[in-house]
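What follows is a short report on a single structure.
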């Protein structure tokens, strides 16, 4: 049987491609990210479906562009029909995570995440 790959996908908000030491910015101290980058594979030529975090994340989870999944701006508590969104992405097993997420987005409310 073929061994499944071990994938660690890190997604950050508002981080430019230059914002790590291993990306060529020696002023930044990012030893853990540098260590992960050195021992694995880094993608340095990538594209994002949206410059806004919620539509971009929804695109990653569903494989659809924002106009296809309906998340066009930040997701605030009560602004998205979670059941409808989960149903749209059901062909992608990772999209079901939205179905169970009923908590408000903490950072928009000043809470720690």
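In UniProt numbering, the protein residues as written are 1 to 113.
Backbone N, C-alpha and C define an ideal beta-carbon position, used for all residues, glycine too.
Cα-Cα separation, residue 22 to residue 2: Taking the straight line joining both Cα atoms gives about 32 angstroms.
Alpha-carbon to alpha-carbon, residue 56 and residue 68: 12 angstroms
Which word fits residue 4, buried or exposed, when buried means at least 16 other C-beta atoms lie within 10 angstroms of its C-beta? The residue in question, residue 4, is exposed, as its Cβ has fewer than 16 Cβ neighbours within 10 Å.
Going by beta carbon distance, what residues of the same chain come within less than 6 angstroms of residue 25, once the five residues before and after it are set aside? 18
Cβ separation of residue 11 and residue 36, assumed to be a contact under 8 angstroms, to the nearest whole Å: In fact, because the Cβ distance is near 14 angstroms, the residues do not count as touching under 8 angstroms.
Along the chain, where does the alpha helix (DSSP H) that runs through residue 69 open and close? It spans 66 to 69 - the alpha helix (DSSP H) in which residue 69 sits, taken as one unbroken run.
Where residue 41 and residue 65 are concerned, what is the direct C-alpha to C-alpha distance, given to the nearest angstrom? 25 angstroms
C-alpha gap between residue 51 and residue 44, whole angstroms: Going from the Cα of residue 51 to the Cα of residue 44 covers about 17 angstroms.
DSSP-derived helix/strand/coil call for residue 22: helix
Does residue 36 come out as helix, strand or coil in the three-state DSSP assignment? Helix, per DSSP.
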